[in-house]
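As structure tokens, the structure follows; a few thoughts come after it.
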Amino acid sequence: GPIPPDEFIMQAEKSQDIYRLTLFVMDQAIRSASQFHDRGLRINMSVNMSAILLDHSDLVGTIRVMLTAHNVPPELLTIEITETAQIENSRHARQTLAQLRRAGIRLSIDDYGTGQSNLEYLTEIEADEIKIDKRFVMTMRDSQRNFEVVKSTIDLAHRLGAVAVAEGIEDAPTMAMLEQLGCDVGQGYHLGKPQLFSELLGTVSTLPHSRSA
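For the sequence shown, my numbering begins at 1 and goes up steadily by one.
So, in structure tokens, the structure goes:
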């Protein structure tokens, strides 16, 4: 039956298979982006990657080969970095991030506000977007403190020239509040639930604004 990502990803990390798993997911994501691109839909594809994988010397070259093989422009790929404590302790990881960005690939700080995704990390790399963790977004209407965290993070992202992304949008009132705060991008069940790629392709193709999505 279905296995939650938190469970099988943890097992992959323990068995040292996380790198191969990540590259498999990366290739599938880029392949899907290619199908959008072939239909004239310039839709950005985002892929999560743990910062512990940035020490692999062949990472950047492998991703560039995938992009070339599927004829996808690098700017249509965003890599969302998690487990950022690894970056602070690794010069090679920081160099890899710089190489990814020079290759035209977008970089995103995932789950900002939790764990090691902190202000110090913002000085390590020049991120294209900052994702506000869902625990703040889902409670921002009931908690003034969490509202202030969301508001200040959106302002910070814009001051750094980055896109602000809100995770965990579950209802219309939260969506409206984020729009008033100037949040650029949102994700959550209110906007769309997980679905098969074939279904998503059909849905997006019918949207009037899909070419600029």
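Beta carbons: idealized from backbone N, C-alpha and C, even for Gly.
Grouping DSSP H, G and I as helix and E and B as strand, with all else coil, what is N146? Position 146 of the sequence shown, counted from the first residue, corresponds to residue 146. Helix, per DSSP.
From what residue to what residue does the beta strand (DSSP E) around V165 run? Within the sequence shown, the letter at position 165 stands for residue 165. 163-166 is the extent of the beta strand (DSSP E) around V165.
What's the C-alpha gap between G192 and D171? In the sequence shown, the residue the question calls residue 192 occupies position 192. In the sequence shown, the residue the question calls residue 171 occupies position 171. If you take the alpha carbons of G192 and D171, they lie about 11 Å apart.
Drop a sphere of 10 angstroms on the beta-carbon of K131, count the other beta-carbons inside from all chains shown, and report buried for 16 or more, exposed for fewer. Numbered from 1 along the sequence shown, position 131 holds the residue referred to as residue 131. Buried, because 16 or more other Cβ atoms sit within 10 Å of the Cβ of K131.
Could you compute how far the alpha carbon of L178 sits from the alpha carbon of G188? Working through the sequence shown from its first residue, we reach residue 178 at position 178. Working through the sequence shown from its first residue, we reach residue 188 at position 188. Between L178 and G188, the C-alpha separation is close to 13 Å.
Could you please give the first and the last residue of the uninterrupted alpha helix (DSSP H) stretch that includes D38? As a working note, residue 38 is residue 38 in the sequence shown. Here the alpha helix (DSSP H) through D38 covers 18-38.
Once the 5 residues before and after V72 are set aside, which same chain residues still bring their CB inside 7 Å of it? Taking the sequence shown and counting its residues from 1, one reaches residue 72 at position 72. Counting only Cβ-Cβ distances below 7 Å, and skipping sequence neighbours, we find I30, A33, S34, H37.
Along the beta strand (DSSP E) that carries K131, what are the first and last residues, could you check? Locating residue 131 in the sequence shown gives position 131, counting from the first residue. Looking at the DSSP string, the run of the beta strand (DSSP E) that includes K131 is 129-132.
Use the C-beta contact count for M49: other C-beta atoms within 10 angstroms, 16 or more gives buried, fewer gives exposed. By one-based count along the sequence shown, residue 49 stands at place 49. Counting Cβ neighbours within 10 Å, M49 comes out buried, since at least 16 surround it.
Please report the Cβ distance between R39 and S205, rounded to the nearest whole angstrom; I am assuming they are in contact, meaning their Cβ atoms lie under 8 Å. For the purposes of this step, residue 39 is identified with residue 39 of the sequence shown, where counting begins at 1. For the purposes of this step, residue 205 is identified with residue 205 of the sequence shown, where counting begins at 1. That pair is a contact at about 6 Å.
By DSSP, does M140 sit in helix, in strand, or in coil? Translated into the one-based positions of the sequence shown, residue 140 becomes position 140. It is coil, neither helix nor strand.
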